[in-house]
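In my numbering, the protein residues as written are 132 to 561.
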């Protein structure tokens with residue numbers, strides 16, 4: 132009886148070792164998949180800004196932007212724009228002619244994903260699907276929505292990037308047959324539907340295997356699910372070999388996770404404000420220069436808001452700097468909620484925020500935005516009633532005489548201080 136108990140304990144221990152190794156292997160693959168997919172598919176976000184800032188673009192304009200995207204990620208098969216959900220522009224055109232004129236809502240394999248995009252007004256990942264032009268692709272689609280002068284939204288159509296999934300899977304460590312390093316893998320979640328979606332790689336039977344490891348893979352606009360099962364159990368090795376394999380696999384997974392985390396932290400530190408997660412001064416300068424150059428080249432409107440919180444020093448002095456930081460975070464969130472996807476909102480430092488507004492002239496739409504911004508800045512400090520903060524906004528618009536983004540910023544800065552002085556003078560009169 133004692134011997135039988137020992138045998139069962141040893142068997143359980145070995146099975147746990149098997150499972151630990153499998154989890155570490157699968158975790159490494161998942162981290163690589165998420166890194167590859169999110170880095171690649173997020174490139175399509177730039178297409179939305181491209182259309183919003185230059186709605187009268189030409190095929191040559193699209194070709195220039197699309198070529199840059201493909202140069203950054205060779206796995207991209209094609210870049211397409213579909214006004215009114217009909218593909219009218221595609222790059223490269225050679226080899227993709229069959230896709231031109233495709234009506235998404237009349238195509239059964241594409242219809243549901245596009246209806247979901249229109250309904251949710253956020254990026255949707257479709258596929259893998261059989262492409263009309265041939266081959267298989269994972270497609271990230273971005274809704275393009277214009278803000279009308281009266282503040283209402285107008286759906287223009289969508290932008291899409293089709294990606295060859297096989298190089299992505301290969302870099303993550305999965306072969307086309309779903310195997311790698313003694314582990315069988317399967318993926319499901321077509322169209323980003325996670326466990327509810329169809330299997331599209333490997334043997335779908337793995338998802339019903341109680342010994343398989345299941346992990347969610349987060350992708351833009353949804354998720355996939357990864358299943359992993361060992362082909363050669365660790366239990367067949369000696370005890371010390373099992374321990375060594377578990378240690379090595381865990382170390383490999385930790386190193387990959389640390390590398391991805393470090394990359395994200397470095398990128399965040401370089402381009403984001405670490406308190407509010409808005410664009411920082413460096414990112415504003417990089418993106419703002421491009422937006423300014425595009426506006427000048429295409430003769431489109433561009434406005435800049437310089438936003439400063441009135442008497443912010445009093446909040447720090449009264450409630451403390453921790454409360455002041457909390458106010459800045461809340462203000463950043465409220466400003467973000469008032470802005471469009473195409474707008475560039477940044478915190479330059481202290482209590483100074485700026486918003487660059489493409490395709491926005493002086494007029495009703497801008498006036499409506501200014502009213503929404505002023506009405507939004509009511510914040511709640513711990514242990515206090517809501518506080519209505521005042522903000523001073525300086526407005527500057529790009530004209531023929533505006534020579535640079537720095538010049539536009541100086542105009543907005545001067546307008547902000549003038550607005551602040553006008554408030555002070557009005558307060559003295561009362």
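Ideal placement from N, C-alpha and C gives every residue a C-beta, glycine not left out.
Since the model is a prediction, treat every value here as computed from it, not as a measurement.
Is residue j closer than 8 Å to residue i when the C-beta atoms are compared?
| i | j | result |
| --- | --- | --- |
| residue 355 | residue 319 | yes |
| residue 184 | residue 425 | yes |
| residue 163 | residue 304 | yes |
| residue 526 | residue 436 | yes |
| residue 524 | residue 440 | no |
| residue 169 | residue 351 | yes |
| residue 165 | residue 460 | no |
| residue 422 | residue 433 | yes |
| residue 360 | residue 337 | yes |
| residue 260 | residue 266 | no |
| residue 479 | residue 541 | no |
| residue 264 | residue 313 | no |
| residue 443 | residue 404 | no |
| residue 493 | residue 528 | yes |
Over what stretch of residues does the beta strand (DSSP E) that includes residue i continue unbroken?
| i | result |
| --- | --- |
| residue 353 | 353 to 361 |
| residue 298 | Note, residue 298: premise wrong, no beta strand (DSSP E); alpha helix (DSSP H) at 296 to 303. |
| residue 436 | 433 to 440 |
| residue 222 | 220 to 222 |
| residue 530 | Per DSSP, residue 530 belongs to no beta strand (DSSP E) and is neither H nor E. |
| residue 209 | 207 to 214 |
| residue 235 | Taken as a continuous stretch (DSSP letters only), residue 235 belongs to no beta strand (DSSP E), as it is neither H nor E. |
| residue 258 | 255 to 261 |
| residue 225 | Taken as a continuous stretch (DSSP letters only), residue 225 belongs to no beta strand (DSSP E), as it is neither H nor E. |
| residue 308 | Residue 308 -> no beta strand (DSSP E), and no H or E assigned at all. |
| residue 483 | 483 to 489 |
| residue 269 | 267 to 278 |
Once the 5 residues before and after residue i are set aside, which same chain residues still bring their CB inside 6 Å of it?
| i | result |
| --- | --- |
| residue 270 | 257, 258, 291, 293 |
| residue 277 | 285, 287 |
| residue 557 | none |
| residue 154 | 344 |
| residue 182 | 275 |
| residue 370 | Its pLDDT being 48, under 50, residue 370 is placed unreliably in this model, and the value from its coordinates should be taken loosely. Closer than 6 Å at the Cβ level, and outside the excluded window around residue 370, lies no residue. |
| residue 244 | 255, 257, 322 |
| residue 157 | 344, 346, 359 |
| residue 139 | With a pLDDT of only 48 at residue 139, under the threshold of 50, the placement of this residue in the model should not be trusted, and no figure is reported. |
Go through its chain and collect everything with a Cβ distance to residue i's Cβ below 7 Å, but skip five positions before and after it.
| i | result |
| --- | --- |
| residue 218 | 211, 230, 231, 232, 233 |
| residue 190 | 220 |
| residue 307 | 297 |
| residue 581 | Because the chain spans 132 through 561 in this model, residue 581 falls outside it and cannot be assessed. |
| residue 500 | 469 |
| residue 248 | 255, 272, 274, 289 |
Since residue i is in the alpha helix (DSSP H), which residue starts that stretch and which ends it?
| i | result |
| --- | --- |
| residue 499 | 495 to 507 |
| residue 181 | 176 to 184 |
| residue 196 | 190 to 203 |
| residue 248 | 239 to 251 |
| residue 455 | 452 to 469 |
| residue 428 | 412 to 429 |
Under the assumption that residue i contacts residue j (Cβ atoms under 8 Å), give the Cβ distance between them as a whole number of angstroms.
| i | j | result |
| --- | --- | --- |
| residue 299 | residue 194 | Not confirmed; about 24 Å, so no contact. |
| residue 414 | residue 402 | 4 Å |
| residue 496 | residue 280 | 5 Å |
| residue 296 | residue 273 | Going by Cβ atoms, the distance from residue 296 to residue 273 rounds to 19 Å, so no, they are not a contact pair. |
| residue 357 | residue 316 | 6 Å |
| residue 431 | residue 490 | 6 Å |
| residue 446 | residue 484 | No, residue 446 and residue 484 are not in contact; Cβ-Cβ is about 15 Å, not under 8 Å. |
What residues in its chain sit with their C-beta under 8 Å from that of residue i, if we drop five residues either side in the sequence?
| i | result |
| --- | --- |
| residue 393 | For residue 393, the predicted model reports a pLDDT of 48, less than 50, meaning its position is unreliable and no value from the coordinates is stated. |
| residue 228 | 264 |
Are the C-beta of residue i and some C-beta of chain B separated by less than 8 Å?
| i | result |
| --- | --- |
| residue 228 | Within the model displayed, chain B is absent; a lone protein chain is all it includes. |
For the segment 316 to 331 against the segment 219 to 228, do three or more pairs of beta-carbon atoms, one drawn from each stretch, fall closer than 8 Å, so that the two count as touching? no
Taking 8 Å as the threshold, find out whether the segment 416 to 435 comes into contact with the segment 472 to 488 through three or more Cβ pairs. yes
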